[in-house]
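With the sequence shown counted from 1, adding 3 to any position gets you the working numbering. Every residue, glycine too, gets a C-beta built ideally from N, C-alpha and C. Inspection log for the structure reproduced underneath, given as structure tokens.
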Amino acid sequence: MPTAAEFKNKVSKSVTNMDRWDGMVNGGATAVIQTDNGPVPSWAKFLADFEAQGGNMSAIGATVSTTVQRDAFWATEVNRTKLVYVNNNNGSATDPANGVYEYVDGTPRFAQGFYNGITEIVQPLVTQAQAAATTASAQSTNLSNATFAKYFVFPGFVRSDNGRIDTTTTPGVYVNTGYLDLDEINIAEINLQGGTGAYSIAYYTSAFALISGAAAASNDAYVSTIPAIPSNAAWVALSARATQGSQRLVVAVKPAKFLDGQPDAGLLGNGNLFTLLRSPGYYNNASPPVLVADPNWINSDPIKVTPGYQFSYDAYASTTVSVFRYTDASGAYAGRVLGTNANARNTISAIVPGAAAYTGSISGTTLTVTAVASGTLSVGSVVGGASAGTIITALGTGTGGTGTYTVNNSQTLASGALTQPAAQFVQKSAGNPGALGAAATSATMPNTIKYGPAASTGLAAPSTLEIAVGDNLSTYMTANGFVTTAGTTPNSQVTWKRTVAPLAMRPANQGKRYIAYSARGSSSMNIITAFDGAGAIVDSVPGSGSFAQFNGLFEVPDVAVSVHLCRATDYPATFRYLIDVPPSGTPVATPAQVGATYGDSRSSTDYPFIATIGAEVTGCAITLCGRSGHTAQQLASDADLALLFAMNPVPRFITVLLGGNDTGAAGTIGTFSATSRNALAGEPVLNPATDRIPLATATPGSGFLRIQYYDLIYRKIIAQFNNWRARANLTGSETEEEKNAKMDAVVKPLIIPLADIPQLRAAGEANYADYSDPASWARKRYGTMEAASINGLDPIDLPGIFPFDMSLEVPWSTPTDKTNNRGTRYYDALHPNRQQWKEQWFVIKARRLS
């Protein structure tokens, strides 16, 4: 299924193609239309230019499709003094009968002074435009259909009198989306059928108070204009007729950030995780919980979590609802946490259970733990070794170690070995604000679920949760007004948004802290203000001018304990919280070692700061072995790899970023698996047993798919460094101890594949449309990761980690400007800038080198 970015860009392209068609047909005598194949004149300009070169079209009396129609026109005698233009005889643009005719002595002939092949120029352009418009319209419709089914999942409509969702007045007639978080989505296009009593689209404050909406002018009419988003809007809800018909909805989603871009790959945090509850129903209080179909409740898909991390839940729930349902790595039940208040606001802190082994006995509903061999006991965790479905429901005298606990199932169990499985996935349930109305949408019902590292050990959860690593801090900026350069908040101007109070952060001794920011600022205010424990300012990012753009990476001082943030209300802003976590155990790369990068110009000496920043973050000297301007075919050659393979000393790690000079056009990437994302998107499927380029191929030729080149690159790098025994130069005379010592001394590079990232190229650059197409980004992203994975390598999915918003970037154009940083994460929407590379190095270090 296309991604949200693909939705948005496909629709944009369809609009562009239809605008081109309109320009060609209706454009004036000076109009020139820019197409994917270059500039094309409008019909009027073409004919005007033709006349200027000696032709004469003013005498044409009729334009027809066939010679039969031409003769029918001349059957009327008064028309025989007029010319006839035949532009598509027999449905063919190249039919020799096409051209401009005159009637002479009872016989049609090509008119003198006219080029009979005029349609050989005009008609192909017409055909191209018509085909593009048809294809774009079909793509847009398909994307809209998929989005419509995805979002309109709840019964009922949004009432135009109070903004509440009515599920009873017209059962089965309407569907709605529930409340969608405007921090997470953009509504790109609508065409929704409704009535005067139903809002097709409505906006709400953060407390779910109705602000405004748009209803159809009459019953059964459509709403196709998206109203301007009010400055204080936090949520949007849409309603439509249950039978889709010609209704349309296209949504661009800004998803929660996961370690590998997918919900099962590890959550980094995204401010308010309540937005991930998208499916009707809830998990009940059974053990294990059972899904109950009830539109008054909503639940999430399974999301991978980290044992020991903490959830802070503040939403509508009940004592019979499992607000958290845990499963282990195999999907087996690992525990649940129930609501504490019946059908009301629930404020709950819960620690994700980790693996534990302990000795204990059960009498009735009391578990007595006498010894803990490993791990920490958690409320909500399964008691392995007790009766089926037994979980810890409350603390007694124990707080994670020895002591007493309450369990749900009454039983008698002699003292013995018990276990606690580690939770790897969680599903969340909460009241559906759209269906429950005021009960779940009052000003005192935040409907927030936060997630991050627990600020304390064991089960003594703090009353407030620190901001999570990777958090989108913009979601915390809900108060009106700005932060002054003195750190005060003296006003509530609606043109600015700020944090309600300074955000608490993890102690500095747990890792170096950074905030990557892109926001607007003005003079007399701070975009970021850091405070120490006494409330004194220790550092800041001051604004200047009037709503000027600021981008950077703010290094939080070690003495700072909190930060205040501020942004301009009407401009997009990003604040991302990063921590350079100190490594645990023996690091993969030590300061005395070296690292390397390989790929195209994005890993080359064109941008020497890549090595400088990489050395700062990893503590290793970095050699840039990328080849500027080279495609995957070239990068797979022995000549391109020679610099990397000749490094002395051998690098301890090698990052590989491929695809920058491959268009990614449909049919060029391929896949080795019939079930891969690329295969499902229509890419050619190769046989891994027969279709891989032989390893000994020094200079692979053209004619292969990109994934075959990516695969060859990884196999060559592995082969170069994998034979530790040969590289140890063993003579055969060594003792076993000497042999081991030699082999231990051999540097064994860690190969770190990086998934390809999005890019934009300016109109007029070669193949710019393919390079700039989100579908091409996706094909290269998944192709580079698949090629790594089939060779036993673990790729880092950069697009799944970083929120690449290409609308903030300036498209690349020739010649490459390697000096001026013109974008947010890129120099030029192709080459990552210093700020983006620093974030990438943090991720590489934390996930592969520590």
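- Shown here, residue 167 sits in coil according to DSSP, grouped into three states, outside any helix or strand.
- According to DSSP, residue pairing for residue 721 in a beta bridge does not occur.
- In the structure shown, the three-state DSSP call for residue 658 is strand.
- Assignment of residue 785 by DSSP, reduced to helix, strand and coil, places it in the helix class.
- Here residue 288 is near residue 341, since their CB atoms are less than 9 Å apart.
- Between residue 706 and residue 687, the gap from beta carbon to beta carbon reaches 9 Å or more.
- Beta-bridge pairing by DSSP links residue 545 to 529.
- Less than 9 Å separates the beta-carbon of residue 604 from that of residue 630.
- A contact is defined here as three or more CB-CB pairs under 8 Å, and the region 378–392 meets this definition with respect to the region 354–369.
- Closest by C-alpha distance to residue 704, out of 290, 639, 426, 339, is 639.
- Contact between the region 328–343 and the region 412–426 is present: 3 or more CB-CB pairs across the two stretches fall below 8 Å.
- Rounded to the nearest angstrom, the gap between the Cα atoms of residue 757 and residue 750 is 21 Å.
- In the structure shown, residue 735 adopts coil according to DSSP, grouped into three states.
- With the rule of 3 Cβ pairs closer than 8 Å, the region 476–491 counts as touching the region 526–541.
- Assignment of residue 68 by DSSP, reduced to helix, strand and coil, places it in the coil class.
- With contacts defined as CB atoms closer than 9 Å, residue 156 and residue 292 fail to qualify as a contacting pair.
- Distance from the CA of residue 844 to the CA of residue 325, rounded to the nearest whole angstrom, comes to 39 Å.
- Beta-bridge partners of residue 751 (DSSP): none assigned.
- With respect to residue 285, residue 276 sits apart: the two C-beta atoms are not nearer than 9 Å.
- In this structure, the beta-carbon distance from residue 240 to residue 176 does not fall below 9 Å.
- Counting along the chain, the unbroken alpha helix (DSSP H) around residue 842 starts and ends at 837–851.
- For the pair of segments examined, the region 557–576 was found to touch the region 516–535: the number of CB pairs separated by less than 8 Å reaches three.
- Of the candidates 521, 562, 525, the residue whose Cα lies closest to the Cα of residue 555 is 521.
- CA-to-CA, the gap between residue 561 and residue 543 works out to about 13 Å.
- Where residue 192 is concerned, the enclosing beta strand (DSSP E) starts and stops at 188–196.
- For residue 180, the closest alpha carbon among the candidates 254, 600, 113 is that of 254.
- Note on geometry: alpha-carbon atoms of residue 772 and residue 483 lie some 41 Å from one another.
- In this model, residue 674 and residue 404 are separated by some 50 Å (Cα to Cα).
- Contact between residue 480 and residue 500 holds, with the beta-carbon distance rounding to 4 Å and staying under 8 Å.
- For residue 317, the enclosing beta strand (DSSP E) begins and ends at 312–320.
- In the three-state scheme derived from DSSP, where H, G and I count as helix and E and B as strand, residue 229 is classed as coil.
- About 4 Å separates the CB atoms of residue 647 and residue 628; that is less than 8 Å, so the two are in contact.
- Residue 81 sits in a helix when the DSSP states are folded into three classes.
- In this structure, the alpha-carbon of residue 398 lies about 32 Å from that of residue 565.
- With the rule of 3 Cβ pairs closer than 8 Å, the region 604–623 counts as touching the region 641–661.
- Counting of Cβ neighbours within 10 angstroms places residue 842 among the buried residues, the total reaching 16 or more.
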